[in-house]
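Following: one structure in structure tokens, then a few remarks.
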Amino acid sequence: MMLPVFRRFIPACFLLLLLHLGAMAQFASRFDVVIDELLPDPTPPVQLPNAEFIELKNVSTTAFNIRNWKLSDGSTTATITTNFILQPDSFVIICANNSAALYAAFGNAIGVSNFPSLNNDADIISLYSSEGKLIHAVAYNNSWYQNAVKSEGGWSLEMIDTKNSCTGMNNWKASPNDSGGSPGKKNDADATNADDQPPALTRTATTDSITISAFFDEPLDSASAATPGNYTINNGMVQPASANIVMPFCTEVVLKLPAALQHKTVYQLKASQVTDCSGNTINQLNTARAGVPAMADSLAVVINEVLFNPRPDGFDYIEIYNRSNNIIDLKQLYVASRNATGQFTGITAVSSVPWLLFPGDYRVLTENRLWLQQQYLVKDPALITELTALPSLPDDKGTIVLLNMQGAVIDELRYDHSWHFALVSEKEGVALERHSYNEPTQLKSNWSSAASTVNYGTPGYPNSQLMADTRLQGQVAVTPAVFSPDNDGFNDFATIGYQLDAPGYVATIRIFDANGRIVRHLVNNASLAATGRFRWDGLDDGLKKLPVGIYIVLTEVFNLQGKTKKFKQVVTLAGRY
């Protein structure tokens, strides 16, 4: 009576064996299996176990045995030693050995030794097949939660559209599941989120005179990205000799050039016919500047704007500007402050990776990019560098030092809160702006409050109080003829510029009202360079506002040879302030 059962049992076992062997024989391609959920910070737990996990999903139509597949964070690699057939459209939870029993209640769970510790703030996790082929990689950070509360811990990160697995932050969010995540099943965040945007060439870096690294905003198709003919360089360079895509994220392409780039030359790199991993082709007009960086010397890059007293719960920022003709690598620059004995403290690298600052470029340094964009108009977010920590910037006064990689001082600012526009009653959230790139950094009259019309800050674009460096029509000139000190960013100051026949003069500048009374002793026996400028803010000696009207600016200069000169100009103080 057992024979029929036995006969039925053999074909069933044979079929299972065939299915198992079939899965063993299949080789996965990139994106066949994806990391679609992970829990980097399980504390405090919501309703999930207080343990990290990584979930894999098979998005292909083929089953795979994931034995000997590997998960790595770059420093630690875990190997899956369990025979497990991951069926199409199914999930498996990977966690540490001591957490496997906890997650088995949620679905298929496999414990591994050396489970890579998932950093709370940011990490790179890569999945490799048993043959060592990269299948998927994720480079997450706190901003991927898109939820400030959930980013504090206890909630998983979920991929939104697993058919769009090569997209980064825009395809991830904090789990909407009330338990804190959805391990072992379809993500609660699951939705259609197709990638229909073409890739963009965002910037370049230069490791040497014949090597350019081109960076894109999303992963590329490796075949199109590695085609040298898809890149052209102007100024006689034409095309690179080779192109190699950098794994695991395929957002960087290293181009080897047939000839060396020239110093102090800005090149334009153009990419064409390059596609992303979703098949979108790059736009035709897609270029990025390239060039050979030089060591920054004194005042090649200057401190241009600083917010040292932000609004409550806010963050400081420092803006720098490349006023030279050289290309500067931000990786070779550092910001610091000084302690009471003058020693450097809080030395911080401006960039952890090569990043080119071209002539005329701005760069904004802050600890919180999102806050900066919420508080001020940021015309180009790509100009913001988010650092783990800035040097200490006290609210009353402090020092900011810009250093090159040799430790030489490039620029230094010893700021003081008294440099703000006197009539700005609330100075929290008001940035100090530099007036001229070419005037001395430490000149008090070269700084003032950012205008109210720009919400008191201009991070990443020309300052609201920027003054043009124009040639004087005479030895002393007062401009503009009419000014209105209302801090709206338009003609807020009267500038007394001078251009003398030699340095070594001493100047005294006084302001008189229309009745001939002295209202402001602006400058008293100041030593002059051959050229320079002073600024009048429309206030009297008591730093109180003066009435609108006509005023006389009397400038008297003399030198040790007994040469004296007097200059008298009329200026009109206008408007309400």
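Residue numbers (mature numbering (1 follows the signal peptide of the UniProt record, and there is no 0)): -25 to -1, 1 to 552.
Here a beta-carbon is modelled for each residue, glycine too, at the ideal position from N, C-alpha and C.
Remember, it's a predicted structure, so these values are computed and weren't measured experimentally.
Leaving out the 5 sequence neighbours to the left and right, which residues in its chain are closer than 8 Å to residue 355 when beta-carbon positions are compared?
435, 436
What are the start and end residues of the alpha helix (DSSP H) that includes residue 200?
197 to 200
To the nearest whole angstrom, what separates the beta carbons of residue 360 and residue 339, a pair I think is in contact under 8 Å?
7 Å
Looking at residue 470 and residue 442, is the spacing between their C-beta atoms short of 8 Å?
yes
Measure from the alpha carbon of residue 32 to the alpha carbon of each residue in 11, 26, 51, 50, then state which is nearest.
11
Report back the beta-carbon spacing between residue 58 and residue 175 to the nearest angstrom; my notes put them in contact at under 8 Å.
Incorrect: roughly 43 Å between the Cβ atoms, too far for contact.
I need the boundaries of the alpha helix (DSSP H) containing residue 78, first residue and last residue.
75 to 78
Got a sec, what are the start and stop residues for the beta strand (DSSP E) residue 178 sits in?
176 to 183
CB contact flag (residue 554, residue 267, <8 Å):
The structure shown does not extend to residue 554, since the chain is modelled only from -25 through 552, so no value can be given for it.
Classify residue 543 as buried or exposed, calling it buried when 16 or more other Cβ atoms lie within 10 Å of its own Cβ.
exposed
How should residue 408 be labelled, buried or exposed, when 16 other C-beta atoms within 10 angstroms of its C-beta is the threshold for buried?
buried
Hey, quick one: how far does the alpha helix (DSSP H) through residue 349 stretch, first residue to last?
344 to 350
CB residue 229 to CB residue 256, shorter than 8 Å?
no
Assign residue 389 to buried or exposed, taking buried as 16 or more other Cβ atoms, counted over all protein chains shown, within 10 Å of its Cβ.
exposed
Ordered list of beta strand (DSSP E) runs contained in the segment 417 to 500, each at least 3 residues
422 to 424, 451 to 454, 469 to 474, 481 to 487
Own chain residues within Cβ distance below 8 Å of residue 197, not counting five before or after
220, 225
Compare the Cα-Cα distances from residue 279 to each of 254, 413, 525 and report the closest residue.
413
Note down the Cα distance separating residue 98 from residue 204, rounded to an integer number of angstroms.
34 Å
What is the DSSP secondary structure of residue 395, reduced to helix, strand or coil?
coil
Whole-angstrom C-beta distance between residue 67 and residue 83, which should lie under 8 Å
5 Å
Can you tell me whether DSSP reads residue 222 as helix, strand or coil?
coil
Validate contact between the segment 156 to 166 and the segment 199 to 218 using beta carbons, cut 8 Å, 3 pairs:
no
By the three-class DSSP mapping on this structure, what secondary structure does residue 236 have?
coil
By how many angstroms is the C-alpha of residue 259 removed from the C-alpha of residue 550?
50 Å
Tell me whether the beta-carbon of residue 398 lies closer than 8 Å to the beta-carbon of residue 490.
no
Mark residue 253 as exposed unless 16 or more other C-beta atoms lie within 10 angstroms of its C-beta, in which case mark it buried.
buried
Which same chain residues end up closer than 8 Å to residue 313 when comparing Cβ atoms and leaving out the 5 residues on each side of it in sequence?
319, 320, 374, 376
Cβ separation of residue 53 and residue 20, assumed to be a contact under 8 Å, to the nearest whole Å:
About 22 Å; that fails the 8 Å criterion.
In this structure, how does DSSP classify residue 207 when only helix, strand and coil are distinguished?
strand
Entirely within the segment 46 to 103 and at least 4 residues each: give me those alpha helix (DSSP H) ranges in chain order.
75 to 78
Within 10 angstroms of the Cβ of residue 51, are there 16 or more other Cβ atoms? Answer buried if so, exposed if not.
exposed
Would you kindly work out how many angstroms separate the C-alpha atoms of residue 571 and residue 151, rounded to a whole number?
In the structure as shown, the chain begins at -25 and stops at 552. Residue 571 is therefore absent and cannot be evaluated.
Would you check if the distance between the CB atom of residue 302 and the CB atom of residue 283 is smaller than 8 Å?
no
For a quick check, are the C-beta atoms of residue 110 and residue 7 less than 8 Å apart?
yes
Whether or not the segment 483 to 503 and the segment 376 to 387 are in contact is what I'm after, with contact meaning three or more pairs of Cβ atoms, one per stretch, closer than 8 Å; do they touch?
no
Is the beta carbon of residue 342 sitting closer than 8 Å to the one on residue 305?
no
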